[in-house]
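**Q**
There are 2 protein chains.
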Amino acid sequence: MKDVARLAGVSTATISRTLVSPDKVRAETRERVMAAIERIGYAPNALARNLRQMRTSTVILLVRQIVNPFYLELFRGVESAARARGYNVLMSNVESRPERELAYFDMIRERRADGVILATGALPSRRGRAPALPPMVVVSEYLPRSGLPTVRIDNVAAAAGAVDYLVTLGHQRIAHVTGPLPEVLSRDRLKGYRRALRRAGIEPDERWVARGDYTTRSGHAAAAALLRRRRRPTAIFAANDEMAMGAIKAAREAGLDVPGQLSVVGFDDINMASAWDPALTTVAQPSDEMGACAMDRLADLLAGDDTRNGDDVLETTLRVRESTGPVPRRAN
Amino acid sequence: MKDVARLAGVSTATISRTLVSPDKVRAETRERVMAAIERIGYAPNALARNLRQMRTSTVILLVRQIVNPFYLELFRGVESAARARGYNVLMSNVESRPERELAYFDMIRERRADGVILATGALPSRRGRAPALPPMVVVSEYLPRSGLPTVRIDNVAAAAGAVDYLVTLGHQRIAHVTGPLPEVLSRDRLKGYRRALRRAGIEPDERWVARGDYTTRSGHAAAAALLRRRRRPTAIFAANDEMAMGAIKAAREAGLDVPGQLSVVGFDDINMASAWDPALTTVAQPSDEMGACAMDRLADLLAGDDTRNGDDVLETTLRVRESTGPVPRRAN
DNA sequence: CTGAAAGCGCTTACAG
DNA sequence: CTGAAAGCGCTTACAG
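Note that the protein sequences, when read in sequence, are chains L and E.
Numbered by numbering that gives the first Met the number 0, the letters in the first sequence go through residues 0 to 331 in order.
Numbered by numbering that gives the first Met the number 0, the letters in the second sequence go through residues 0 to 331 in order.
Below, the structure is given as structure tokens:
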């Protein structure tokens with residue numbers, strides 16, 4: 000920087016101003032400075048700038064389990080918005096290890112990051128001396144009554160919409176494979192399932208609700224059990240795509256054609272959903288957009304101009320593909 | 000820090016030493032300092048430390064396309080090693096946009112990161128004034144004759160091993176779906192395929208090599224074309240799992256049972272491979288370990304004690320699942 | 001519009 | 001083993 004200043008015949012303050020707020024510098028000076036910067040190949044040292052400004056331009060994205068492809072799409076959205084806003088993104092999977100979550104809060108205390116995008120569905124439980132919450136935006140998941148800015152979808156309505164569609168196709172015996180029920184997202188999707196059934200005049204039957212844990216394996220097991228029933232369902236709505244894929248596998252093993260004898264609907268529209276055989280009908284979340292929106296809100300928060308309040312609720316889309324069809328003739 | 004120093008009755012230098020090199024501080028002083036730190040709830044400011052030490056403790060992981068699940072596993076490995084070594088990881092997908100790669104090299108120049116783990120398969124082409132390469136380790140991919148420290152598998156041998164296995168099952172008519180052929184990994188796997196065939200006394204037939212681009216769709220199209228032949232293959236070796244999945248889908252559409260009438264082998268062992276129907280036989284890469292190993296080498300490099308030279312070549316494993324079986328009776 | 005100077009919060013070579 | 005002091009490379013309030 001000193002070299003640039005010498006070459007341009009100005010002070011280092013002017014170099015800095017040219018870079019940070021060029022409008023405060025006379026055009027002629029600015030050009031001289033830019034030429035010198037170019038000549039020397041100068042790049043400002045972010046370390047020094049960060050210290051001076053007491054900001055890192057880095058945010059942390061905390062996800063539940065990184066292997067879930069849904070989070071990947073979320074990350075893409077976060078990253079592209081971050082790039083546009085001049086931030087870097089540190090993604091980290093927590094994998095249900097609370098100490099890892101806390102490690103990330105320490106990173107904020109140590110000023111390694113400016114804020115957090117929380118996609119884990121729960122605030123880290125804090126030890127004795129509860130540190131103040133860092134600037135934070137919740138995405139995908141939400142924390143009821145936390146008052147934190149949140150970017151999400153309406154899981155109840157989206158799930159109900161999927162089941163509505165099955166009803167439209169003539170299905171009455173619609174089963175549901177849930178996610179882990181302590182989680183609010185799983186509960187919301189279950190609620191939507193029940194709401195749609197009632198709306199269609201069908202009394203929800205608890206025996207047609209099977210618990211899964213979002214893995215393909217659990218979807219497979221749950222569906223296998225449901226299909227062993229004497230009166231078996233003609234449609235299964237799974238709370239995510241992986242479980243829907245497991246359900247299709249179970250149907251095939253039971254000798255049932257999908258969608259001829261069993262319709263299956265998933266949730267998320269992960270990358271693999273359209274590649275699956277049969278291509279999966281599923282509720283698409285705008286994951287890119289959700290990530291970008293969360294990053295934008297966090298950046299606003301950090302810039303001190305968070306005008307908005309409450310939740311951003313984004314739209315979902317039911318993508319009808321090959322895994323759903325009209326109810327089989329003899330089934331009703 | 001000043002507050003801690005006052006409370007402990009020492010200078011800030013001693014606080015710093017207690018944290019950085021505790022052995023240089025008398026035990027009694029150390030305890031007093033630690034108590035004061037605890038009392039005040041002091042956390043050192045990483046921004047200041049970074050500036051002082053001229054290091055960021057951050058590395059960049061550059062991947063080709065983030066949606067590829069393989070990179071996810073790589074990231075996990077990198078991240079866990081990074082955590083152990085005190086580094087943060089910035090993952091970024093380049094998505095074949097060269098300007099993005101360059102952006103990451105700028106980040107090094109601006110001292111936002113200390114080094115790069117390159118998983119893109121190509122050095123960013125640099126503009127006119129070629130800047131010096133940053134501390135860098137290549138992983139998964141490799142750059143022939145670059146002399147850069149590299150962590151990889153032996154793609155030729157691994158591919159040959161997969162084809163050997165098909166030969167063992169009695170297959171003679173073994174087709175191959177390649178990745179994009181400009182890429183060295185795709186070429187290596189093709190080379191391994193040919194080598195195994197020759198070893199088995201089968202003359203490679205170019206008509207049984209179909210080009211794909213690593214997507215499920217391309218695997219589907221390539222396999223569909225192969226299966227339309229009058230003499231159709233009894234086995235397909237695909238250069239990655241997604242294409243193998245597409246191939247299975249094509250087989251089913253052609254009314255062929257997998258593995259009864261067609262065996263399919265993939266490469267990578269992504270998360271979905273075992274969930275696929277039928278569960279995919281595939282060459283498992285030690286992706287976690289590769290990532291961790293790359294991060295370790297980069298950390299050594301940055302610490303100035305990179306003793307090793309040349310490539311780390313890790314072992315692959317053929318995971319035999321349900322998509323492969325003996326050659327059908329009438330086929331030979 | 002520009003410069004001189006202070007200061008961000010650490011770490012570390014040096015002196016004792 | 002400990003302290004006083006310099007300094008990392010910027011940015012910015014202040015003065016002109």
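Here a beta-carbon is modelled for each residue, glycine too, at the ideal position from N, C-alpha and C.
My parser needs the alpha helix (DSSP H) runs of 4 or more residues fully inside the stretch 238-270 of chain E; what are they?
**A** For the stretch 238-270 of chain E, whole alpha helix (DSSP H) runs of length 4 or above, ordered along the chain, are 240-252.
**Q** In terms of alpha-carbon separation, which member of E:F69, E:V319, E:R29 and E:D212 lies closest to E:T167?
**A** Counting from one through the second sequence, the residue named residue 167 of chain E turns up at place 168. Residue E:V319 is the option with its Cα nearest to E:T167.
**Q** Please classify L:T57: is it buried, with 16 or more other beta-carbons within 10 angstroms of its beta-carbon, or exposed?
**A** To locate residue 57 of chain L, count along the first sequence from 1; it is residue 58. So L:T57 ends up on the buried side.
**Q** Within the 8 Å Cβ cut-off, does L:K248 reach chain E?
**A** As a first step, residue 248 of chain L is located in the first sequence; it is residue number 249 there, counting from the start. Chain E contact via Cβ: present.
**Q** With 8 Å as the threshold, decide whether the Cβ of E:E100 is near any Cβ in chain L.
**A** Counting from 1 along the second sequence, the entry for residue 100 of chain E is found at position 101. No, E:E100 lies away from the interface with chain L (no Cβ there is under 8 Å from its Cβ).
**Q** Using CA atoms only, rank isn't needed, just tell me which of L:I269, L:R54, L:S20 and L:A7 is closest to L:M33.
**A** Indexing the first sequence from 1 puts residue 33 of chain L at position 34. Nearest option by C-alpha distance: L:A7.
**Q** Just the Cα atoms here: how many angstroms apart are L:P97 and L:R63?
**A** Counting from one through the first sequence, the residue named residue 97 of chain L turns up at place 98. Counting from one through the first sequence, the residue named residue 63 of chain L turns up at place 64. So the alpha carbons of these two residues sit roughly 11 Å apart.
**Q** Apply the 10 Å Cβ neighbour rule to E:N331 and answer buried if 16 or more other Cβ atoms are within range, or exposed otherwise.
**A** Taking the second sequence and counting its residues from 1, the one referred to as residue 331 of chain E is at position 332. Its pLDDT being 46, under 50, E:N331 is placed unreliably in this model, and the value from its coordinates should be taken loosely. Exposed.
**Q** Would the stretch 232-246 of chain E count as touching the stretch 206-216 of chain E if we require 3 or more Cβ pairs under 8 Å?
**A** Yes, since at least three Cβ pairs between the stretch 232-246 of chain E and the stretch 206-216 of chain E fall closer than 8 Å, the two stretches touch.
**Q** So with CB distances below 8 Å, who are the chain L contacts of E:R75?
**A** For this step, residue 75 of chain E is matched to residue 76 along the second sequence. Under the 8 Å cutoff, chain L gives I65, V66 and N92.
**Q** For L:V282, list the residues DSSP reports as bridge partners.
**A** Stepping through the first sequence from its first residue, residue 282 of chain L is reached at position 283. Answer is L:F266 and L:L317, bridged to L:V282.
**Q** Around the C-beta of E:V345, are 16 or more other C-beta atoms found within 10 angstroms, so that it is buried, or is it exposed?
**A** In this structure chain E extends from 0 to 331, so residue 345 of chain E is not present and cannot be described.
**Q** Do the stretch 131-139 of chain L and the stretch 154-165 of chain L make contact, defined as three or more Cβ pairs closer than 8 Å?
**A** Verdict: no, contact absent.
**Q** Could you check what DSSP says for L:N67 in three-state terms: helix, strand or coil?
**A** Translated into the one-based positions of the first sequence, residue 67 of chain L becomes position 68. It is coil, neither helix nor strand.
**Q** Shortest alpha-carbon distance to E:R229 belongs to which of E:P148, E:R206 and E:E182?
**A** Against the second sequence, residue 229 of chain E aligns to sequence position 230. That would be E:R206, whose Cα lies nearest to the Cα of E:R229.
**Q** Roughly how many whole angstroms lie between the Cα atoms of E:G85 and E:V77?
**A** One-based indexing of the second sequence puts residue 85 of chain E at position 86. One-based indexing of the second sequence puts residue 77 of chain E at position 78. Cα to Cα, the separation comes out at about 12 Å.
**Q** So E:A199 contacts chain L; which residues on that side make the cut at Cβ distance below 8 Å?
**A** The sequence position of residue 199 of chain E within the second sequence is 200, counting from 1. None at all; the shortest Cβ gap to chain L is about 31 Å.
**Q** Less than 8 Å between the beta carbons of E:G218 and E:A237, yes or no?
**A** Here residue 218 of chain E refers to the residue found at position 219 when the second sequence is read from its first residue. Here residue 237 of chain E refers to the residue found at position 238 when the second sequence is read from its first residue. Yes.
**Q** If the cut is a Cβ gap below 7 Å, which residues of chain E does L:T119 touch?
**A** Against the first sequence, residue 119 of chain L aligns to sequence position 120. Result: empty, since nearest Cβ-Cβ is about 16 Å, beyond 7 Å.
**Q** Would you tell me roughly how many angstroms separate the C-alpha atoms of L:N87 and E:A156, rounded to the nearest one?
**A** For the purposes of this step, residue 87 of chain L is taken as residue 88 along the first sequence, with counting starting at 1. For the purposes of this step, residue 156 of chain E is taken as residue 157 along the second sequence, with counting starting at 1. Distance between the alpha carbons of L:N87 and E:A156: 39 Å.
**Q** L:H219 by DSSP, collapsed to three states: which one?
**A** Residue mapping note: residue 219 of chain L aligns to position 220 of the first sequence, counting from 1. Helix.
**Q** Which residues in chain E have a C-beta closer than 8 Å to the C-beta of L:D113? List them in chain order.
**A** By 1-based counting over the first sequence, the position of residue 113 of chain L is 114. Those do not exist, as L:D113 stays about 11 Å from chain E at its closest Cβ, beyond 8 Å.
**Q** List the residues of chain E that L:D105 touches, going by C-beta distances under 8 Å, in chain order.
**A** Translated into positions along the first sequence, residue 105 of chain L becomes position 106. Simply A42.
**Q** Among L:W275, L:L226 and L:I173, which has the Cα closest to the Cα of L:F201?
**A** For the purposes of this step, residue 201 of chain L is taken as residue 202 along the first sequence, with counting starting at 1. For the record, residue 201 of chain L in the displayed sequence is Ile; it is not Phe. Nearest of L:W275, L:L226 and L:I173 to L:I201, Cα basis: L:I173.
**Q** Could you name the residues of the same chain whose beta carbon sits closer than 8 Å to that of L:A224, not counting the 5 residues immediately before and after it, in chain order?
**A** Numbered from 1 along the first sequence, position 225 holds the residue referred to as residue 224 of chain L. Excluding sequence neighbours, L:A224 sits near A209.
**Q** For L:I39, which three-state DSSP category applies?
**A** In the first sequence, counting from the first residue as 1, residue 39 of chain L sits at position 40. It is helical.
**Q** May I ask you to list, following chain order, the residues of the stretch 233-246 of chain E that have a beta carbon less than 9 Å from some beta carbon of chain L?
**A** Listed by position along the chain: E241, M244 and G245.
**Q** With a cut-off of 8 Å, does the C-beta of L:E182 fall near any C-beta of chain E?
**A** By 1-based counting over the first sequence, the position of residue 182 of chain L is 183. L:E182 does not count as touching chain E.
**Q** Give me the Cβ distance between E:D204 and E:V312, rounded to the nearest whole Å; I'm assuming they're in contact under 8 Å.
**A** In the second sequence, the residue the question calls residue 204 of chain E occupies position 205. In the second sequence, the residue the question calls residue 312 of chain E occupies position 313. Rounded, the Cβ-Cβ distance is 30 Å, inconsistent with contact.
**Q** Report yes or no: is there a C-beta of chain E within less than 8 Å of the C-beta of L:R251?
**A** As a first step, residue 251 of chain L must be located in the first sequence, where it is residue number 252. True, the Cβ-Cβ gap to chain E drops below 8 Å.
**Q** If you draw a straight line from the alpha carbon of L:P21 to that of L:P43, how long is it in whole angstroms?
**A** Here residue 21 of chain L corresponds to residue number 22 of the first sequence, with the count starting at 1. Here residue 43 of chain L corresponds to residue number 44 of the first sequence, with the count starting at 1. Their Cα atoms are separated by approximately 15 Å.
**Q** Just the Cα atoms here: how many angstroms apart are E:G309 and E:R144?
**A** Locating residue 309 of chain E in the second sequence gives position 310, where the first residue counts as 1. Locating residue 144 of chain E in the second sequence gives position 145, where the first residue counts as 1. Using only the alpha carbons, I get a separation of about 11 Å.
**Q** Identify, in the order they occur along the chain, each residue of the same chain with its Cβ nearer than 8 Å to the Cβ of L:R29, setting aside the five sequence neighbours on each side.
**A** Along the first sequence, read from residue 1 onward, the residue named residue 29 of chain L stands at position 30. Excluding sequence neighbours, L:R29 sits near T17 and P21.
**Q** Taking 8 Å as the CB-CB limit, is L:T215 close to chain E?
**A** Here residue 215 of chain L refers to the residue found at position 216 of the first sequence. For L:T215, the answer is yes, since a Cβ of chain E falls inside 8 Å of its Cβ.
**Q** So, with DSSP's three-state summary, where would you put L:T177?
**A** Mapped onto the first sequence, residue 177 of chain L falls at position 178. If DSSP states are grouped into helix, strand and coil, L:T177 belongs with the strands.
**Q** By the DSSP assignment, the alpha helix (DSSP H) with E:V183 in it spans what residues?
**A** In the second sequence, counting from the first residue as 1, residue 183 of chain E sits at position 184. V183 to R198 is the extent of the alpha helix (DSSP H) around E:V183.
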